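Presented below is the structure to which this report refers.
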Amino acid sequence: DARVTQTPRDKVTEMGQEVTMRCQPILGHNTVFWYRQTMMQGLELLAYFRNRAPLDDSGMPKDRFSAEMPDATLATLKIQPSEPRDSAVYFCASGLGQGAGDTQYFGPGTRLTVL
Amino acid sequence: AQSVTQPDIHITVSEGASLELRCNYSYGATPYLFWYVQSPGQGLQLLLKYFSGDTLVQGIKGFEAEFKRSQSSFNLRKPSVHWSDAAEYFCAVGARSNTGKLIFGQGTTLQVKP
């Protein structure tokens, strides 16, 4: 049963610290999406990649957030420095890259708490 | 602009009762439409999706949805709700940019009473 995996599942850190979240997409999937979910804002798209290239990261605060795909099996989302307002659940999703009808498969999320 | 509206933020139904969750979309052409479910502490899972053809789509866990172009709606239904259906439900439309990007609604939280 192929699944998207995310690590860590939970992260508690102090303001100003660097946070790195990792995602392993389903093998063979060539699109990766990063989302942030909060009670106030709901589900927000931060960035997405196709074939490891960033297609759009306009949803991401550029001054502190960065997203990369070092290789096809790993996507990372970094926050430096972290702030309390970054506290949220961060989801990664992957897809086959079939266009508008593509199904996104979500990971279990990383719950981030910034104190 | 493309958008998805889920008018009901929270719905409570009794176990065994029927369920309908509403979804309205704004899109300039025939849309790709999705329903996802998020159980507490979990990621989103696809329930069903509509591309074309038969406007009544069957999904997993006994759910179905009907595409109505005239009403710009894609409502999710289940004839008899189980306690395990308590979750948050998201309607989404595939972005016209053809990148695989989804535009999600704000979600509807379903509570099931015993």
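Respectively, the protein sequence lines represent chains V and B. Each residue of the first sequence is one higher than the one before, counting from 1296 in the working numbering. Each residue of the second sequence is one higher than the one before, counting from 208 in the working numbering. Beta carbons are placed, not taken as given, at the ideal position from N, Cα and C, and that holds for glycine. Values in this document were obtained by computation on a predicted structure and should not be read as measured data.
- Judged by their CB atoms, M1316(V) and F1344(V) are not nearer to each other than the 7 Å cut-off.
- Residues of the segment 256-270 of chain B whose Cβ lies closer than 8 Å to any Cβ of chain V, in chain order: K256, F258.
- The C-beta separation of G307(B) from G1392(V) comes to about 6 Å, placing the pair in contact by the 8 Å criterion.
- Only residues of its own chain outside the window of five on either side were considered, and among them G1311 have a CB closer than 6 Å to the CB of P1376(V), listed in chain order.
- Chain B has a Cβ within less than 7 Å of the Cβ of G1402(V).
- Apart from the 5 residues on each side of it in sequence, A299(B) sits with its Cβ closer than 8 Å to the Cβ of V211, L240, F241, W242, Y243, L309, I310, F311, G312 in its chain, given in chain order.
- Annotation: Q1319(V) has no Cβ neighbours in chain B at a cutoff of 7 Å; minimum Cβ distance is about 13 Å.
- The C-beta of L228(B) has 16 or more other C-beta atoms within 10 Å across all chains shown, which makes the residue buried.
- For D1358(V), not one C-beta of chain B is nearer than 7 Å to its own C-beta.
- Contact annotation for D1397(V) against chain B: G301, G307 [CB-CB distance below 8 Å, chain order].
- Under the DSSP definition of a beta bridge, T1333(V) partners with G1337(V).
- Around D1366(V), the same chain offers R1347 as residues with beta carbons nearer than 8 Å, after the five sequence neighbours per side are excluded.
- At a cut-off of 7 Å between C-beta atoms, F311(B) counts as an interface residue with respect to chain V.
- The shortest C-alpha to C-alpha distance from T1368(V) to any of Q1319(V), G1396(V), E1313(V), T1308(V) is the one to Q1319(V).
- For Q1393(V), the C-beta contacts it makes with chain B under 9 Å involve G307, in order along the chain.
- Look at the segment 1332-1343 of chain V: the residues with a C-beta under 8 Å from a C-beta of chain B are G1337, L1338, L1340, Y1343.
- Checking the DSSP bridge columns, you'll see K320(B) partnered with S221(B).
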